[in-house]
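Notes for the one structure printed next.
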Amino acid sequence: QPHSVVQRRLLEGNLNKLRGETRVQSAWVQSPLAKDQDEKMEKEENRRKETSPLLIQCQCQGQVLKATVNTGCLPNLISKSCLNQLGLEEVSAMDCGDLSLPIPSVVGRVEHMELQFGQETVLCSALVVDDEMLDFCIGLQTLLSLKCCIDLEEGVLRFKALSQELPFLHASEEPGQ
1 QPHSVVQRRL LEGNLNKLRG ETRVQSAWVQ SPLAKDQDEK MEKEENRRKE TSPLLIQCQC
61 QGQVLKATVN TGCLPNLISK SCLNQLGLEE VSAMDCGDLS LPIPSVVGRV EHMELQFGQE
121 TVLCSALVVD DEMLDFCIGL QTLLSLKCCI DLEEGVLRFK ALSQELPFLH ASEEPGQ
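This is the structure in C-alpha cells:
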C-alpha cells in the first residue's frame, strides 16, 4: 500500500498505462524544458541545412570546375575521377616525396595545374585522392599564396593577389549557371 499521496498518484499513473488507458492528446502537457529542447534541435537542423561547403567556380583545361574552399587542408586536393575528366597527368605516388600527411587515400600528385579564377590564371599543384565525395578542393596553401579573403557577409572569395572576387555558389547550383 502506498503511504504518501505522491506514491499513490505514481502508482495510479502506472496502472493506467498498464491497462492501456489512453488520454486525450490535448490533456498531455509538454514540459517547457522539453519544448526548449525541441526548439534547439529544430534550430540546429535548420543551421545544418543552411551550412553548405564554400564553393567557387573556376576553370581548368577549358572546363568549368566547382571548387570547394577548404582552410582545414593545406594542399589542394583533386579526385581521381576529376583528374581523368580534365585529362591531367598524375605523377606516381612514389615521386610524391613525403606523403605521410593526415589526408586519407592519397594516390598521387599532379603538378603544373592551370586554374583560371575569373580572368586570371594560376599555376598550382594538387594531391590526387581516391575520394569521389569531392572533385577539387582549394587548400590553405593556395589561399594564402593568393592572399585570399573569405567574406561570408558578401558571399565572395577575394583574391587580393589577383584583384579578383568570385561569388560563392550554392551547393545546388551547377557550374556555368
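Residues 1 to 177, numbered by UniProt numbering, are exactly what the sequence shown covers, in order.
Backbone N, C-alpha and C fix where the C-beta goes; we use that ideal spot for every residue, glycine too.
For clarity, every value in this text was computed on a predicted model and none was experimentally measured.
- The alpha helix (DSSP H) runs of length 4 or more contained entirely in the UniProt domain "Aspartic peptidase DDI1-type" (54-151) are, from start to end of the chain, 80-86, 140-145.
- Counting every other CB atom within 10 Å of its CB across the protein chains shown gives C60 a total of 16 or more, marking it as buried.
- Taking a contact to require three or more Cβ pairs closer than 8 Å, the stretch 151-168 and the stretch 107-127 qualify as touching.
- Under the three-pair Cβ rule at 8 Å, the stretch 127-135 counts as touching the stretch 76-85.
- In the three-state reduction of the DSSP assignment, E39 falls in the helix class, which pools H, G and I.
- With a threshold of 16 other beta carbon atoms within 10 Å, V64 falls short and is exposed.
- The C-alpha of E39 is placed about 29 Å away from the C-alpha of L169.
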